[in-house]
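Going letter by letter, the sequence shown gives residues 1222 to 1706 in the numbering used here. Structure first, then comments.
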Amino acid sequence: MAKTLSDLLPAEAGGCGELATTLKRTLDYDQLTNCMRCGFCLPACPTFRETGIEAESPRGRIALMKAVADGILDPDEAFEKQMNHCLGCRACEPACPADVKYGQLLEQARDSVERHTTTHRWWVKAARRTAFDGLFPHQNRMRLLGGALMLYQRTGLRKLARGAGLMKLFPAHMREMEAILPDASYKGVAEQIGAFHPAKGERIATVGLFRGCIMDVLFTETNKHTVELLNEAGFDVVIPESQNCCGALHAHSGEQDGAKALAKRNIAAFKAGGVEWIVSNAGGCGALLVEYDHLLHDEPQWADDAAWFAKRAVDVSKLLVEHGRLRTPAQAAVAAGAGSVVGGHAAGGGGCGGSCSGGVGFASGEQVRITYQDSCHLRNVMRSSDAPRKLMRSVANAEFVELFEAERCCGSAGIYNLTEPEMAGRILDHKMEHVKRTDARYLLTSNPGCLLQMKHGIEKHGMGGQMKAVHLVDFLHERMCGKDA
1222 MAKTLSDLLP
1232 AEAGGCGELA
1242 TTLKRTLDYD
1252 QLTNCMRCGF
1262 CLPACPTFRE
1272 TGIEAESPRG
1282 RIALMKAVAD
1292 GILDPDEAFE
1302 KQMNHCLGCR
1312 ACEPACPADV
1322 KYGQLLEQAR
1332 DSVERHTTTH
1342 RWWVKAARRT
1352 AFDGLFPHQN
1362 RMRLLGGALM
1372 LYQRTGLRKL
1382 ARGAGLMKLF
1392 PAHMREMEAI
1402 LPDASYKGVA
1412 EQIGAFHPAK
1422 GERIATVGLF
1432 RGCIMDVLFT
1442 ETNKHTVELL
1452 NEAGFDVVIP
1462 ESQNCCGALH
1472 AHSGEQDGAK
1482 ALAKRNIAAF
1492 KAGGVEWIVS
1502 NAGGCGALLV
1512 EYDHLLHDEP
1522 QWADDAAWFA
1532 KRAVDVSKLL
1542 VEHGRLRTPA
1552 QAAVAAGAGS
1562 VVGGHAAGGG
1572 GCGGSCSGGV
1582 GFASGEQVRI
1592 TYQDSCHLRN
1602 VMRSSDAPRK
1612 LMRSVANAEF
1622 VELFEAERCC
1632 GSAGIYNLTE
1642 PEMAGRILDH
1652 KMEHVKRTDA
1662 RYLLTSNPGC
1672 LLQMKHGIEK
1682 HGMGGQMKAV
1692 HLVDFLHERM
1702 CGKDA
């Protein structure tokens, strides 16, 4: 079993402050000592690449944590700032030859910091309490928020607020994000289409859709499209009513107790649903779902159920590619009436209107160029970067162009672009330089935060007339040949 600092150090060792004591009790000392300080993580780290400062790297942050452990450093405001300045993209983990679980160390450190911080202003504390305790854990309240936002968007309130200059009361980065928010909904996917949807043709398996909290309010259509894709590919889909927020925002923000409570409710909900897979269409959510066993590792009574859940959590793209009933680009082109096929892509127009029995295929009605920005957590934690690309390459009449450094974080990182807008903006600017060179019509991604950040980048860099950011699921659904006309 992994040792904590308090297991290995005498009570009087380390800094004398309460934060130091909590860190010694919380941090996994085995992981701290596993770091060989080889430096392989440095070029993978976005903040180190931007600043060149050792403390802004995973190796540097681990060194700070270990210094607290060894009694060399008493953690202060600078320590707290450095922990919070990390994006948590976890690109360092695939690069690490020692397999250091940096993301887990970061969450442990942030949880300790939040228990003792004195740097939050009163309104920050109130906002955190409202969001983490009063909003995200309650689906009904999230839907009320969606309804309020929908009212703001679809009536004259938004136009009035902008015309009266009320938006100028908010920081520039918040005004920019408000401008690109998708249409909200007060009804989630289950409320709109029901909780059970049978497979088309022979059933492969029964899967449970993890609908998320923000996903179900701002991206309800994406959830609906996910259900239809899964049905066409041969899966029964159930949407457990009692599921709730995954807890990722809690875990990444130092609210471990809240994340654990949410995880337990989700485990119970999907266990009761009798599902064989638990499907996510949001990389940020999925990355925590597959680590529920670690999140609850110190609660033995939850060990078996958490392991059951984590083993079955999967991204929709990986499930479709590895287990779904999919058609080749040539088959999809024929089913879509797109004419002849050259080099695996349909030559000519057409589009997907007919039903192709025996699976689902994808074809574009016109020749189109697409590119893809990886979700950091989908790639680095769920280790699923090939499946989205295989799906994109399966679209007849679509040319997939690889984005240079697609694996690099876009700067969204949950709410990082709101809490650290300067660093997020610098990272986004570099990202959009590469995006522009692809000359793609569609910029696809697999996570809602990344999608909003990409939309923001397109508008910020004046590319709105030539490019559109779209969730991979929505792009595929629009070009799906297996759905009924």
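Using N, Cα and C, we set each Cβ at its ideal position, and we do this for glycine too.
In this structure, N1487 keeps its C-beta atom at 8 Å or more from the C-beta atom of C1506. In this structure, the beta-carbon distance from N1502 to V1694 falls below 8 Å. Check the Cα spacing between F1417 and each of V1555, A1426 and I1460: the tightest is with I1460. If you check the CB distance, V1511 and V1602 come in under 8 Å. In this structure, the CA atom of L1624 is about 45 Å from the CA atom of G1292.
Looking at the DSSP output, M1701 sits in a beta bridge with F1583. With contact defined as three or more Cβ pairs closer than 8 Å, the segment 1399-1409 and the segment 1652-1664 are not in contact. Beta-carbon to beta-carbon, V1500 and L1540 are separated by about 6 Å, close enough to satisfy the 8 Å threshold.
Apart from sequence neighbours up to five positions away, the residues of its chain that approach I1435 with a beta-carbon distance below 7 Å are P1669, ordered along the chain. Two segments are said to touch when three or more pairs of C-beta atoms, one from each, lie closer than 8 Å; by this definition the segment 1344-1362 touches the segment 1478-1496. Counting other Cβ atoms within 10 Å of its Cβ, L1672 reaches 16 or more and is therefore classed as buried. Taking each of R1280, P1264 and Q1588 in turn and checking the Cα distance to Q1252, the smallest one comes out for R1280. In this structure R1548 is in contact with V1581, their Cβ atoms being roughly 7 Å apart against a cut-off of 8 Å.
The DSSP-derived three-state label of T1340 is coil. If only complete runs of 3 or more residues are kept, the segment 1480-1539 shows the beta strand (DSSP E) at 1498-1501 and 1534-1536, in order along the chain.
Pairing F1269 with L1285 gives a Cβ-Cβ distance that is not under 8 Å. For the pair T1447 and V1537, the CB atoms are nearer than the 8 Å cut-off. A contact is defined here as three or more CB-CB pairs under 8 Å, and the segment 1258-1275 fails this definition with respect to the segment 1334-1342.
By the C-beta density criterion, K1302 is exposed, having fewer than 16 other C-beta atoms within 10 angstroms.
In the three-state scheme derived from DSSP, where H, G and I count as helix and E and B as strand, K1657 is classed as helix.
Annotated three-state conformation of Q1588 is strand, per DSSP. With respect to H1677, E1397 sits close: the two C-beta atoms are nearer than 8 Å.
Assignment of F1417 by DSSP, reduced to helix, strand and coil, places it in the strand class. DSSP, read as helix, strand or coil, puts L1664 in strand. G1429: member of the beta strand (DSSP E) spanning A1426 to L1430, first to last residue. Shortest Cα-Cα distance from H1341 to any of A1312, A1316, T1640 and S1633 involves T1640.
In the three-state DSSP reduction, F1261 falls in the coil class, being neither helix nor strand.
Residue nearest to G1685 within the set A1265, K1657 and R1700 is K1657 (criterion: CA-CA distance).
In this chain, the beta strand (DSSP E) harbouring V1616 covers V1616 to F1621. A check of alpha carbon separations from C1631 across S1667, L1387 and F1621 identifies S1667 as the nearest. A distance below 6 Å between beta-carbons, with the five flanking residues on each side excluded, links D1457 to the following residues of its chain, in chain order: P1419, A1420, R1424 and T1427.
Within its own chain, the residues whose Cβ lies closer than 7 Å to the Cβ of A1382, once the five positions on either side in sequence are excluded, are M1388, listed in chain order. In the DSSP assignment, H1692 falls within the beta strand (DSSP E) that extends over K1689 to H1692.
Between the C-alpha atoms of G1368 and R1375 there is a straight-line separation of about 10 Å. Taken through DSSP and simplified to helix, strand or coil, Y1323 comes out as helix. With fewer than 16 other Cβ atoms from the protein chains shown falling within 10 Å of its own Cβ, N1361 counts as exposed.
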